[in-house]
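Notes for the one structure printed next.
Residue numbers (the UniProt record's numbering): 1 to 762.
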């Protein structure tokens, strides 16, 4: 069974992993290859994907054209690197290059790079040319009679029986003989050509040969071996069990272990007249020694480079060769230690124009290809790569079909990494930061549900945002109601975590907080973050669910959800989730803010506000407690504490960027009259807040009143904020500094504002 494996990009301050036998993947500027045939090289970078596998991306500009080139540069003799021909089954089924890469990824067998491969018939998905895997004939293929066509000569690329990268010609022979006469087979499990005999086995994608009045079908059963995997070197003999002669419609059913000879045209009718039910019939196939027992053979063309010299096996004056088009190619160094998979984008003016076949050959030579051959190109040209931290491949070129859409193709060449598994040295790794709803969706059972990215005035525990789950249990049928946050593609948990954890913001109602996991065999397992009805708090709390022992890897998380079986407790509302982690050390303590330690004087207030969703800190996991608070940050904290929203209001303030994360909260506090601009049009969001301004804002926000018996000595009654400052003292919100003063003109730190806000809020 094929399995999936993956690594999620690790976020921010807990984002360190050690890759065993894996090169750290850093995008760095390089002069990867020395080539000037496309003009001036405008950019180049190299990224290590795995041990022995690098992705090189280059851009060129010259002669009024641009070229974008991508190269998978592979150390082929590295024991942890492999090359495979992949094809969806049955032959003729098409998938995108990304889909094929994911389908062939499993534990200790990760596809780290792939390109499209075979030319194919777009009407039925069948490859045009010879495809062989371990002698098994996947597709017998055809050659063009047109010297201007790319596949007019019998050349192929593959890996021979010794594991060596090979580019050479092939000679095949497939025949059947009966009653002492031998006949050539024109195809195997392919379309019937005029005056051509085709061998159909149970490996064909259809159950029958296809109706035709011009065909003679000979069904053969009781074979000496199964023909299902008909291979070069096979000699299979069976008994004719049925004959449908020309004019009878053909369309014979293909037997499971036998085969059908389907001969098209009058000459075969005459030649096969003497064949009768009960006759013995034999089929056999052979290939030249260079390809015998090869790991795989991929026939394609034209050749580009042979023995270090440009050698193009088609007319270079043909339209196909002269067109500037997207191209895909494969090549190998003279000693077979280097493999090059290349894509060059095209048909996209201003980005990449594409290249001719001679230009492609010149580029392949320049990067060190001693032998190289062209693969299918045009809209099919696609390269995908998988970065060490990713749980999926990404398209790294720009396909030329509309919208950059990947074209579904029948075959791909895939670079495999067999490197040792990643060793987890951290206590926890982030699975999803919930900063975005991309890749997420909502669903419900006996309820309605929706998800949204939390806005700036909503609860955010870490990073840029959180995910809000809106639920309404009153809209469904009776029974257990549930609302789900689903991953569009289940997220892989690297290694063998013991728990999953996340931050959950409750609305005070009673919920059952759970998740669904998938093991490596696709079995589902439900795990509990809380017991039934115990997700019942308001604000943020960190929750964990134990992962059952012994699950087969890779383990994936499919969804997190809330449920309520009791009808009387089924209401509506919203909850929030943030920062989903895989936990490897159960004693791991959740880190709030890396710069607020257990002895920091304002830690309690900062954690309280964090739990209540009023503060979330910075992307790198810090709070910066001693940094002066800005007016924009103040607006955000006040809006969250009071639950203020802007309700789409307009403002005359001109110095607030509508794209800013603070925009809506500044509008909210302005509309509520808690904070105003410094002028009618200027809020000055980045200005710091004095302690006097802080007092005035808190007094207005919470409508505080009262006078103290001993005002601060450094705040005279004539001070503009005297009343607000004295009110804070009267309400035990501020006791001043150690020297007894208040310091009205001093900047307010983030810690000070947090302490004051926590006191007035609680």
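In this text, a Cβ means the ideal position worked out from N, Cα and C, and glycines have one as well.
Quick caveat: nothing in here was measured; it's all calculated off a predicted structure.
Give me the DSSP bridge partner(s) of residue 374. 329
Segment limits, alpha helix (DSSP H) that includes residue 665: 663-672
Since I believe residue 580 is in contact with residue 397 (beta carbons under 8 Å), could you give me their beta-carbon distance rounded to a whole number of angstroms? Contact doesn't hold; Cβ gap of about 31 Å is too wide.
Distance, residue 495 Cα to residue 107 Cα: 10 Å
Whole-angstrom Cβ separation of residue 259 and residue 132, contact assumed at under 8 Å? About 18 Å separates the two Cβ atoms, so there is no contact after all.
Could you say which of 393, 691 and 381 lies nearest to residue 400 if we only look at CA atoms? 381
Would you mind reading off the limits of the beta strand (DSSP E) that contains residue 701? Not the beta strand (DSSP E): residue 701 falls in the alpha helix (DSSP H), residues 691-702.
Label residue 58 either buried or exposed according to how many other C-beta atoms from any shown protein chain fall within 10 Å of its C-beta, with 16 as the threshold for buried. buried
According to DSSP, is residue 139 part of a helix, a strand, or is it coil? strand
Roughly how far, in whole angstroms, is the beta-carbon of residue 470 from the beta-carbon of residue 444, given that I think they are within contact range, below 8 Å? In fact, because the Cβ distance is near 10 Å, the residues do not count as touching under 8 Å.
From the DSSP output, in three-state form, read off residue 24 for me. In this prediction, residue 24 scores a pLDDT of 37, lower than 50, which makes its location untrustworthy; the coordinate-derived value is nonetheless stated afterwards. Correct three-state label for residue 24: coil.
Please state whether DSSP places residue 443 in a helix, a strand or coil. strand
C-alpha distance - residue 547 paired with residue 569, whole-angstrom precision: 28 Å
Taking the CB atoms as reference points, tell me whether residue 480 and residue 571 lie closer together than 8 Å. no
DSSP on residue 157, reduced to helix/strand/coil? strand
For residue 676, count neighbouring Cβ atoms within 10 angstroms of its own Cβ and tell me buried if that reaches 16, exposed if not. exposed
Can you tell which of 575, 183 and 462 has its C-alpha closest to the C-alpha of residue 507? 575
Which runs of the beta strand (DSSP E) fall wholly inside the stretch 222-307 and span at least 3 residues, in chain order? 235-244, 259-264, 280-287, 296-299 and 303-306
Are the stretch 142-156 and the stretch 411-418 touching, with three or more C-beta to C-beta distances below 8 Å? no
Any 3 or more C-beta pairs closer than 8 Å across the stretch 351-360 and the stretch 189-207: no
Quick one: residues in its chain with C-beta nearer than 7 Å to the C-beta of residue 424, no 5 flanking neighbours on either side, listed in chain order? 17, 494, 495 and 584
Taking C-alpha atoms, which residue in 666, 387 and 56 lies nearest to residue 49? 387
What's the C-alpha gap between residue 586 and residue 529? 14 Å
Rounded to a whole number of angstroms, what is the C-alpha to C-alpha distance between residue 140 and residue 158? 15 Å
Does the beta-carbon of residue 280 have 16 or more other beta-carbons within 10 angstroms, so that it is buried, or is it exposed? exposed
Can you tell me which residues form a DSSP beta bridge with residue 117? None, per the DSSP bridge assignment.
According to DSSP, is residue 46 part of a helix, a strand, or is it coil? strand
Inter-residue CB distance, residue 705 and residue 690 (contact presumed, cutoff 8 Å): Contact flag wrong, Cβ pair sits at about 22 Å.
For residue 10 and residue 357, what's the separation of their Cα atoms in angstroms? The predicted model places residue 10 with a pLDDT of 31, which falls under 50 and marks its position as unreliable, so this point remains unresolved.
Please confirm if the stretch 265-283 is in contact with the stretch 295-311, defined as three or more CB-CB distances below 8 Å between the two stretches. no
Relative to the C-alpha of residue 265, which candidate in 735, 168 and 196 has its C-alpha closest? 196
Could you check which residue in 263, 220 and 257 has the C-alpha nearest to that of residue 212? 263
Would you identify the three-state DSSP class for residue 658, choosing helix, strand or coil? coil
Pair every Cβ in the stretch 665-682 with every Cβ in the stretch 729-741, then say whether three or more of these pairs are closer than 8 Å. no
Alpha carbon to alpha carbon, how far is residue 668 from residue 757? Give it in angstroms, no decimals. 18 Å
Rounded to whole angstroms, what's the CA-CA distance from residue 610 to residue 429? Just pull it up for me. 21 Å
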